Structures are given as structure tokens and as C-alpha cells.
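Structure first, commentary second.
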Amino acid sequence: MQKIPVSVVVMTKNEERNIAKCLKALVEFDEVFVVDSNSTDATCAMATALGARVSNFQWNGKYPKKKQWCLEQLPFSHPVVLYVDADEEMTPALAAEIRDVLPRFAAGAGGAFVPFDYVFCGKKLEHGHRVYKLALLARDQSRFLDYDDLDVAHMWEVEGHYQPQVQGETFALRQRMVHNDHDSLFHYFDKHNRYSDWEANLRTKGLMNDPREANVGARALLKRIFQALPFKAPISFLHSYVFKLGFLDGKAGYDYAVARAMYYWQIRIKTEELQKARLAQEDTQADTVAGAAK
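Numbering-wise (our numbering), the sequence shown opens with residue 1192 and increments by one.
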């Protein structure tokens, strides 16, 4: 059978534990780019050996960040692009569905949301909170927005947790990608510590939930409602563990719900820390101005 006419982008940095499984699962796709950020391990050599086209991305500390740079700079052969993280694995069922929905892109669709199965603490979770990412894009109709986030001290060159802006219809796929990070839990919590820094920074600036981000169905409304609620940490735990039946996944379901709640707890206290620092800075500036006026 002819390969799927989609250009795949896999972004990496020191992903030798994940990259082989990721790329081997993408063999049905016609074109696979690995865009690396100065890895010091065997990531690039492994990717080249597996047939990927490897490019290096050297971030200059400005926009565009990595995903948008890929849209602008990579020599794609196809109008539809699929973003895959190195710790994500394609399934045959999802690949077949992507092939089947390509006529919708030819008719003007802008993007498709991909649902995820999550492997946590070695167990594939069948229940609980489910992530959807707008990962299948019409490249000429898509853009990753430039958030005011260059001052986030511990963030990096990849865009944060938000969906791109697209022109045209968006829809959700039924088949799932598998998120299965073979790195340690230290790596997981380190990433989410950085993500919570990023989100706290944007909350302090009032920049969360940009209406230009693409969403499907009622997700945009539900996200706005959740972001406006107090006590997000316990609410997120109850949502994942109780309402979404995470308890049926046993200990791993509980641990995942706790980890998700802890993420929102981090965001809250970091937001409060930033707000206090901003108020203190404003008070200092006001005192300086008042002193100069005397």
C-alpha cells in the first residue's frame, strides 16, 4: 500500500530512550523529520539510521519557537503535517484513520485533534482525564501563537501547553496515540515543573485561554469554566479519579490523578508568588517616584 502522504515532525532533545519506538511506529508515513535541539546523546544517530531526515534547531531566544519554526522552515512535501513527540507512539488504527480523513483537509479543514492513551508508572490508563492535542494540521492554515512568554526563566524553545491557531474546520479523531515516556519520573516531574512556571507566568499576565486557539466542540467553554474555578487541584483530582473513573485503573490511576492535581497546585502557588513580587515591585517604584517628587 502507498505510504500516507503526511509530513511528520518529531521534536527531540536527548531522546535516545524514546526515539526508536517512536520512529518505528511511523513507518507508514511518507516523510518523517526529526528536529533536534543539540542532543548530546545518540538521538540523532539513531534517527538517521531509522531513515528520518534530521535537522538541528538552534533557538535564538526569540520567536518563532520550535513548532512554528518547523512550519516555516522545513521542506515539506505534503500539505498536511503531523506533530509527534518522541515519547509518543503511533498505532496502526490511528494511522489508518489519518489516511481516511485526508480528503477533509483537501476540502479545507484546518486541523484534527488527536486523543491520547497515557502510560503512567508502567500501566496504560484506560480511564481518567484524557488529553487531546491539535497535532494534525493543514500547514498553510496553521500558526503557533507568539505568547508573551520569553521571560519565563525555566521554559525552553518549544511552545507551551496551548493549541495552535488554524483557519478552517477542526475535528477530533477517534483512534488514539499512545504517550509512553521511557524516561524516569524525575524527567516527568521536571517537565511539569517547567510547564507550571510557564502557566503561572501567563496567568499573572492574564494571557491564558487565548480565543484564537483552536478547540473542538464544547472544549473551549469547558476550559474557560475550569480556568475560572478556585481550588483547581482538588477539582482536577476528582475529575480524573472519580468522574472519569480513574479509580478503575488501580494504583496507577490514583497516582496519575494526584500528579495532575499537584500540577495545578504548583500553578496556583507560583501564580501567587509572581503576583506578590509584582505588587512589591510596583510599591517600590511608587516609593521611588514619590521620593523623587519631594
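Using N, Cα and C, we set each Cβ at its ideal position, and we do this for glycine too. Since the model is a prediction, treat every value here as computed from it, not as a measurement.
With a cutoff of 8 Å on beta-carbon distance, F1335 and P1355 are scored as near each other. Pairwise C-beta distances place the segment 1416-1427 in contact with the segment 1448-1462, as three or more of them are shorter than 8 Å.
W1389 and H1383 have their C-alpha atoms some 10 Å from each other.
Spanning the alpha carbons of A1468 and K1396 requires a straight line of approximately 13 Å. Taking a contact as a CB-CB distance under 8 Å, the pair E1207 and A1233 counts as one, their CB atoms being some 5 Å apart. Around the beta carbon of I1416, a 10 Å sphere encloses fewer than 16 other beta carbons of the protein chains shown; the residue is thus reported as exposed. In the DSSP assignment, S1246 forms a beta bridge with V1226. G1319 sits close to Y1432, with the two beta carbons spaced by under 8 Å. In the displayed model, T1475 falls within a helix according to three-state DSSP. In terms of Cα proximity to V1310, the closest of R1367, A1303, R1385 and V1223 is R1367.
The shortest CA-to-CA distance from E1348 to any of I1195, G1252 and A1243 is the one to G1252. The alpha-carbon separation between D1331 and L1273 amounts to approximately 13 Å.
F1428 carries a helical assignment under DSSP once its states are collapsed to helix, strand and coil. Within the same chain, Cβ atoms closer than 8 Å to the Cβ of C1312 are found at L1376, K1442, A1443, D1446 and Y1447, the five residues on either side in sequence being excluded. A1303 has its alpha-carbon roughly 24 Å from the corresponding atom of L1398. Taken atom to atom, the span from the alpha-carbon of V1225 to that of L1436 is near 36 Å. Taking C-beta separations shorter than 8 Å and ignoring five residues to either side along the sequence, E1463 has no partners in its chain. Taking each of T1479, T1203, S1333 and K1324 in turn and checking the Cα distance to R1365, the smallest one comes out for K1324. If you draw a straight line from the Cα of A1297 to the Cα of F1267, it is about 16 Å long. A straight line joining the alpha-carbon of T1203 with that of T1231 spans about 11 Å.
In the DSSP annotation of this structure, the continuous segment of the alpha helix (DSSP H) that includes A1286 starts and ends at P1283 to A1297. As a beta-bridge residue in DSSP terms, R1334 pairs with Q1356. Here V1271 is not near L1214, since their CB atoms are 8 Å or more apart.
The residue from W1260, S1228 and A1284 with its alpha-carbon nearest to that of A1216 is A1284. In the DSSP assignment, Y1386 falls outside any beta strand (DSSP E) and within the unbroken alpha helix (DSSP H) covering L1376 to K1396. Rounded to whole angstroms, the gap between the alpha carbons of V1322 and P1306 is 6 Å.
Around the CB of V1201, 16 or more other CB atoms lie within 10 Å, so the residue is classed as buried. Here E1263 is exposed, its C-beta having fewer than 16 other C-beta atoms within 10 Å.
Beyond the five residues adjoining it in sequence on each side, W1250 comes within less than 6 Å, by CB distance, of E1348 in the same chain, given in chain order. When secondary structure is reduced to three states using DSSP, A1344 falls in the coil class, being assigned neither helix nor strand. Checking the DSSP bridge columns, you'll see K1315 partnered with V1310. Nearest to R1290 by alpha-carbon distance, out of G1359, Q1466, K1194 and N1209, is K1194.
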